[in-house]
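In the working numbering, the protein residues as written are 2 to 60.
Backbone N, C-alpha and C define an ideal beta-carbon position, used for all residues, glycine too.
Below you can see the structure in the form of C-alpha cells.
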C-alpha cells in the first residue's frame, strides 16, 4: 500500500502509520485485513501532526 509510511512493533503492539491523504476507509480495510492475518484486534484511528496512526494489539 503506497499510503503506508511505516510499520513498527513495540511490546506486542503493531503500529501502522499512514499519510494524511489516505482515506479512512482504506486505512480500516487494510488494517482489518492485517488483523485477520496476524490474529490481533484493531485499536483506534488517531490523526495527529498530519499523519494517521492505528494499532494492532494482541488479544
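Just to confirm, is the Cβ distance from residue 35 to residue 5 under 8 Å? No, they are not a contact pair.
Throw me the rounded Cβ distance for the residue 59 and residue 41 pair, which I believe falls under 8 Å.
Rounded to the nearest angstrom, the Cβ distance from residue 59 to residue 41 is 6 Å, consistent with a contact under 8 Å.
| request: Run the CB neighbour count on residue 17, radius 10 Å, all protein chains shown included, and call it buried at 16 or more, exposed below. | output: Buried.
* Put residue 22 into one of helix, strand or coil per three-state DSSP. => Three-state result, residue 22: coil.
**Request:** Can you tell me which of 7, 14 and 13 puts its alpha carbon nearest to the alpha carbon of residue 20?
**Result:** Ranking 7, 14 and 13 by Cα distance to residue 20 puts 7 first.
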